[in-house]
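Here is the structure we will look at.
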Amino acid sequence: MYRSHNCGELRASHSNTEVTLSGWVQGVRDKGFMIYIDLRDRYGITQLYFDEERTPKAIMEKASKLGREFVIQVKGNVTERASKNPNIPTGDIEVVVSELTILNSSLVPPFTIEDKTDGGDDLRMKYRYIDIRRNPVKNSLIFRSKVTQAVRNYLSNDGFIEVETPYLIKSTPEGARDFVVPSRMNEGQFYALPQSPQTFKQLLMVGGMDKYFQIVKCFRDEDLRADRQPEFTQIDCEMAFVEQEDILNVFEGLTRHLLKEVNGVEIEKFPRMLYDDAMRLYGNDKPDIRFGMEFGELNAVTQHKDFGVFNNAELVVGIAVPGGNSYTRKEIDKLIDWVKRPQVGALGMIYSRCNDDGSFKSSVDKFYDQDDLAKWAEVTGAKPGDLVCVLSGETNKVRAQLSALRMELATRLGLRDPKVFAPLWVIDFPLLELDEETGHYHAMHHPFTSPKPGQLELLDTNPGDVKANAYDLVLNGNEIGGGSIRIHDKATQAIMLKHLGFSDEDARAQFGFLMDAFEYGAPPHGGLAFGLDRLVAILGGQETIRDFIAFPKNNSGRDVMIDAPAPIDDEQLKELSLKLNLKS
Ligand code: ASP
């Protein structure tokens, strides 16, 4: 038996019991005549004690030679400590060691196994198995397990069936590039790894599995923006014989359950916001509603004067920064520089100070009088002491810029408390989105999303105006889930694919299997998928998903621990009938 107890469980009530513990040496304090060792495992740390009087000499010697991260087993007696350590749960006791076995030695670890380690990101990733011994990573993985367990329990209790779908498939259109896998047995042919199980879960609905879920890996070959992973996990769900309302209720229930179970937070009803309103009020389809600072559109109260910048703008829009009138001129100039950074891309920023006496002082006093500025304050909801920040330009761009500024200022003002949870549904997304570069429309969600009833005809005349039965679940400014009611008849699916630019042949080649299935009694259905990594990180109060993934990839999509991706040898290439044609 390697252990009778773990390193986190012994208390004063265990005094005078003989125990066996196994674990890693966190640290050795060798005072010559006595030695203290902190023994660590997943459950905690227990102090081991050796002294000249009671410990056999050979053991004493062995103990003095132990290094950090050696794996040892000890037998000994639990003894109440003279000086207790209130900072750890086992701090009342120590184990007076009578036997010591070295189970394995360890090289000196490349970074300290402490909550705040001296190891940089790259080093931690290279030695991830050591990193996982650290509390922040270990606890994140345990937390993730708690969340997935709660998901499985909730959905299973609600009659959902967990079904696995294949990984070696054909392209799924979630808008990214596919990772492909060559097939040895089918020369010159490739599987694609699923960007999501979308088509399979729809086929499960045709198969009569009317409540499906799966905690599943998805693969998208995208340029990796910060905190994205090429492989990530979804809680993927689909239901048959449902309308949007049913879906929202079920998965609001799941999210409410998680918040309660995992965070002890109770939230009554999640607000719902139209996509158009989210864009108008927050410039963003995933608004953070933990704080106000809603947009105020100022065209009507700015375009009557001679100020060309505003008059020529499609949209003039502002926010009130609480307490912002206290910013110095220098601080405001810095803020202007911030919005002009290429990442934000504004051309400039106009501001109006709301003084405590009810007067205003703006950067455009030449053009606007006190009455005008009072209206700016009214529209943006600014109070005395606030600062109104105004951007102008092309609607979509200016909204994105002001949204970035809103989030940045809220972060600086401490309004984005990770312990506060503000979920909401954003509904009625547009069906299509214009790709500015190509001038073509593509599906905003995916090609299987159904248009709102009666809007199919609009596709010919005003494609950009067609609304979809599509919804996102947003939590603290992050999209944590998204889905739609699907098209479930072949004719509509064919029209949709045509509008997305698929020729009949292409549509047939790529989605023939789904269209065929629609001809064999496809029930009305819909669903959604949660991004599990992000959901767990937010529930865990963290900004980044990395620590919640056991073996994440770096920003270039590499696993630096196993050194993948890696070349394959000529023999393997030959077997796969592949020839490389490398550029360099
Ligand atoms: N497959 C979709 C996605 O990955 C989710 C859904 O529509 O259910 O975003």
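Numbering that gives the first Met the number 0 puts the first residue of the sequence shown at 0, with every later residue one more than the last. For each residue, glycine too, the CB sits at the ideal point set by N, CA and C.
Would a C-beta distance cut-off of 9 angstroms place residue i and residue j closer than the cut-off?
i       : j       : result
Asn-171 : Thr-198 : The question names Asn, yet the displayed sequence has Thr at residue 171. Taking 9 angstroms as the Cβ cut-off, Thr-171 and Thr-198 qualify as a contacting pair.
Thr-379 : Ile-318 : yes
Gln-342 : Ala-442 : no
Leu-386 : Tyr-326 : yes
Ile-234 : Leu-531 : yes
Ile-129 : Tyr-470 : no
Leu-513 : Gln-201 : yes
Ala-521 : Val-241 : no
Ile-101 : Ile-71  : yes
Tyr-35  : Glu-8   : no
Leu-258 : Phe-420 : yes
Arg-405 : Met-278 : no
Pro-417 : Glu-542 : yes
Ala-312 : Asn-324 : no
Val-27  : Lys-74  : no
Leu-472 : Phe-250 : yes
Arg-584 : Gly-476 : Residue 584 lies beyond the residue range present for the chain, which begins at 0 and ends at 583; the question has no answer from this structure.
Gly-291 : Tyr-153 : no
Asp-284 : Val-425 : yes
In terms of residue numbering, what span does the alpha helix (DSSP H) encompassing residue i cover?
i       : result
Asn-477 : Where Asn-477 is concerned, there is no enclosing alpha helix (DSSP H), although the beta strand (DSSP E) it sits in stretches over 477 to 484.
Lys-329 : 328 to 339
Pro-108 : From DSSP, Pro-108 is part of no alpha helix (DSSP H); its letter is neither H nor E.
Thr-379 : 369 to 379
Gly-384 : Element bounds for Gly-384: n/a, residue is neither H nor E.
Gln-233 : Looking at the DSSP string, Gln-233 is not in any alpha helix (DSSP H); the run it does join, the beta strand (DSSP E), is 230 to 239.
Ala-299 : 298 to 301
Glu-260 : 243 to 262
Leu-202 : 197 to 205
Gln-454 : Here Gln-454 belongs to no alpha helix (DSSP H), and DSSP marks it neither H nor E.
CA-CA distance, residue i and residue j?
i       : j       : result
Asp-91  : Ile-44  : 12 angstroms
Glu-237 : Val-308 : 49 angstroms
Glu-432 : Asp-40  : 52 angstroms
Arg-53  : Val-261 : 46 angstroms
Phe-269 : Glu-478 : 14 angstroms
Ala-345 : Pro-383 : 26 angstroms
Leu-314 : Gln-400 : 12 angstroms
Leu-538 : Asp-117 : 26 angstroms
Asn-15  : Val-96  : 12 angstroms
Asn-103 : Thr-232 : 35 angstroms
Glu-570 : Leu-577 : 10 angstroms
Leu-38  : Gly-556 : 36 angstroms
Asp-29  : Pro-109 : 22 angstroms
Tyr-274 : Val-465 : 12 angstroms
Gly-481 : Ser-362 : 42 angstroms
Lys-115 : Gly-263 : 27 angstroms
Tyr-350 : Leu-372 : 10 angstroms
Gln-492 : Pro-446 : 8 angstroms
Glu-113 : Glu-68  : 12 angstroms
Asp-220 : Pro-181 : 16 angstroms
Leu-575 : Arg-183 : 5 angstroms
Gly-207 : Val-77  : 59 angstroms
Tyr-190 : Phe-178 : 9 angstroms
Leu-579 : Glu-186 : 15 angstroms
Leu-106 : Lys-137 : 21 angstroms
Lys-339 : Gly-347 : 6 angstroms
Lys-169 : Leu-192 : 7 angstroms
Ala-11  : Thr-111 : 30 angstroms
Gly-31  : Gly-119 : 34 angstroms
By Cβ distance, which residues of its chain are closer than 6 angstroms to residue i, with the 5 residues on each side in sequence left out?
i       : result
Ile-484 : Gln-243, Ser-449, Asn-468 and Gly-525
Leu-280 : Glu-293 and Phe-294
Lys-61  : Leu-99
Arg-176 : Asp-220
Quick one: give me the first and last residue of the beta strand (DSSP E) that residue i is part of.
i       : result
Gln-25  : 17 to 29
Phe-142 : Note, Phe-142: premise wrong, no beta strand (DSSP E); alpha helix (DSSP H) at 134 to 156.
Asp-562 : No beta strand (DSSP E) holds Asp-562; DSSP gives it neither H nor E.
Asn-76  : 70 to 79
Leu-474 : 469 to 474
Gln-586 : The structure shown has nothing for residue 586, since the chain only spans 0 to 583.
Ala-191 : 189 to 191
Among residues of its own chain, excluding the 5 on either side of residue i, which ones have a beta-carbon nearer than 7 angstroms to its beta-carbon?
i       : result
Ile-548 : Gln-228 and Asp-532
Just checking: is the beta-carbon of residue i within a distance shorter than 9 angstroms of some beta-carbon in chain B?
i       : result
Asp-416 : Absent from the structure is chain B; it holds one protein chain and no more.
Can you list, in chain order, the residues of its chain with a C-beta nearer than 8 angstroms to that of residue i? Leave out the 5 residues immediately preceding and following it.
i       : result
Asp-488 : Phe-517 and Ala-521
>> Tell me whether the stretch 160 to 167 and the stretch 211 to 225 touch, counting them as touching only if at least three CB pairs, one residue from each stretch, are closer than 8 angstroms.
In response: yes
> Is the stretch 119 to 139 close to the stretch 546 to 561, with three or more CB pairs under 8 angstroms?
Replying inline: yes
>> Under 8 angstroms, with one C-beta from each stretch per pair, do the stretch 555 to 569 and the stretch 504 to 519 reach the 3-pair mark?
In response: At 8 angstroms Cβ cutoff, the stretches do not touch.
>> When you compare the stretch 365 to 380 with the stretch 421 to 430, are there three or more beta-carbon pairs, one atom per stretch, that lie closer than 8 angstroms?
In response: No: the two stretches stay apart, fewer than three of their Cβ pairs being nearer than 8 angstroms.
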